[in-house]
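If you read the sequences in order, they're chains A and B. Counting from 1, position 141 in the first sequence corresponds to residue 147 in my numbering; the numbering is continuous, with no gaps. Counting from 1, position 126 in the second sequence corresponds to residue 132 in my numbering; the numbering is continuous, with no gaps. Even for Gly, the Cβ is constructed at its ideal location relative to N, Cα and C.
There are 2 protein chains.
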Amino acid sequence: MGLSKNTLKLITSLSQKKYRQKHNLFVAEGVKVVNEFLNSSFRVKELYTTDASLFNYEESIEISEAELKKISKLKSPNKVIGVFEIPKEKEISSDKFTLVLDEVNDPGNLGTIIRLCDWFGITQLVCSKNTVDCFNFKVVQATMGSLTRVQIVYTDIISFLSETSLPTFTADMDGDNVYKSQLPDKAVLVMGNEANGISKEVNDVIQQKLTIPRFGDIQKTESLNVATATAILLSEFKRA
Amino acid sequence: MGLSKNTLKLITSLSQKKYRQKHNLFVAEGVKVVNEFLNSSFRVKELYTTDASLFNYEESIEISEAELKKISKLKSPNKVIGVFEIPKEKEISSDKFTLVLDEVNDPGNLGTIIRLCDWFGITQLVCSKNTVDCFNFKVVQATMGSLTRVQIVYTDIISFLSETSLPTFTADMDGDNVYKSQLPDKAVLVMGNEANGISKEVNDVIQQKLTIPRFGDIQKTESLNVATATAILLSEFKRA
């Protein structure tokens, strides 16, 4: 069996968003991560492995360690590379708690946020079109199974926010103390870019701003990272 | 002026913990980060910059862009590299809210956690000796000023936990629901390793386990990242 030149080229190309979109495919690596996708509703296109016995998939293609090393993006390749189909985006539901991301750029942050959604039972994540792609390799490796349980849609978030009938919230330094606010069960929470927060256009259509109070030296403290701020706000919505 | 061979060697060596400890020095880069350290109680040893006018420090050493590039660990070097003295560890106070880390390995996680401490006004962070070094370059760059406001001590955490008179807590899947627990103002909260949680020895000396309830599919959800779990628990202690 082994790897053809075309396969090598395809897999390498999938580290770029434009080729993922063109082929409608993404790559996942490592025994645990690949098994999470195999055991989900995601459809596998090809499985390249040095040990087919580890996977409940009959059509896997055996490759050598050297071949695996050639196509792997991991420092320590771990037995398998799976090529999976990017699922069709679901219709956005207007009736459930939704987290919205406005230009979150860092794959690590998106990965952490997807895991948070999974933890808090938030199954709908709506991302602005300039938010980092959730099929980016780093996001896939960081989120693992969570990516299979959270529906992610990339869309025009201004339209979405203008049309939703649920109350809309965001984090802001001059908002209401989140610890003292009555938070509804169903809401739309918008989190913004790492450096700039939410854009002005988005800010204009949001109804309520929430503040996580600072307890440290107020003049000097750095802002919270977007993933940790999201963790705290989702916890506040869900603890009620 | 410019860079001597010895300087180059010294700065390069400081990317390793053993040389940071030998020389009692660490490196910070970039205008914003370096200024945060210059404007703190930290003492600067040397400042190498392509533009001395940006810093309120008279003894800076002007270097060329090419020299900066040679010593920088950043993809896009940003005008300055500062070498700072590692401050003497303070005595541990037994009377204030303390976060304890048991073998947190990832510099990004430690950086995020230091920023969280700063946000929540927690000025004492006690780390097990096998926790990643807080003067690791990635930690320094991620935490910026927060590192100057949070006292960090590396010690035998079992002794510390055995001796403290404050109530001790940790996160655990089989603990008390954190949303329903009465949490004291002053406490010791222990967070563990990314893959393995807290060690058995540490677990044995902790009084109360807290659980952040899952709302997602309980069978399948990945665990929370240590930094986001810390964010939620600190928020719970402070919101009361």
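At least one CB of chain A lies nearer than 8 Å to the CB of B:Leu-230. Contact fails between the stretch 56 to 67 of chain A and the stretch 106 to 125 of chain A, because fewer than three Cβ pairs, one in each stretch, are under 8 Å apart.
Taking CB atoms only, B:Tyr-160 has no neighbour in chain A less than 8 Å away. Contact note: A:Met-150 reaches chain B through Glu-228, using a C-beta cutoff of 8 Å and chain order. Neighbourhood of B:Ala-237 in chain A, by CB distance below 7 Å: Thr-234, Ala-237, Ile-238, in chain order. Remark: C-beta atoms of A:Ile-158 and A:Ala-233 do not approach each other more closely than 8 Å.
Exclusion of the five residues before and after B:Thr-149 leaves Gly-117, Ile-120, Arg-121 as the residues of its chain whose Cβ lies within less than 7 Å of its Cβ. DSSP places A:Ala-177 outside any alpha helix (DSSP H); the residue lies instead in the beta strand (DSSP E), whose first and last residues are 174 to 183. Counting along the chain, A:Leu-105 sits inside the beta strand (DSSP E) bounded by residues 104 to 107.
In this structure, the alpha-carbon of A:Ser-152 lies about 7 Å from that of B:Glu-228. Nearest C-alpha to B:Asp-139 among B:Thr-18, B:Pro-173, B:Ile-92, B:Leu-44: B:Ile-92. No Cβ-Cβ contact shorter than 8 Å links A:Phe-48 with A:Val-86. Between the alpha carbons of A:Val-156 and A:Thr-129 lies a gap of roughly 4 Å. Residue pairing by DSSP puts B:Phe-90 in a beta bridge opposite B:Phe-32, B:Val-50. In this model, B:Tyr-160 and B:Glu-95 are separated by some 8 Å (Cα to Cα). The beta carbon of A:Asp-57 does not come within 8 Å of any beta carbon belonging to chain B, so the residue lies off that interface. Proximity of B:Thr-118 to chain A, defined by a Cβ-Cβ separation below 8 Å, is satisfied.
When secondary structure is reduced to three states using DSSP, A:Val-110 falls in the coil class, being assigned neither helix nor strand. Contact between A:Phe-141 and A:Phe-32 holds: CB atoms are separated by about 4 Å, below the 8 Å threshold.
Across the stretch 179 to 195 of chain A, CB contacts with chain B closer than 7 Å involve Tyr-185, in sequence order along the chain.
Residue nearest to A:Ala-235 within the set A:Leu-14, A:Asp-162, A:His-29, A:Ala-177 is A:Ala-177 (criterion: CA-CA distance). In the displayed model, B:Gln-22 falls within coil according to three-state DSSP, outside both helix and strand.
Taken through DSSP and simplified to helix, strand or coil, B:Cys-140 comes out as coil.
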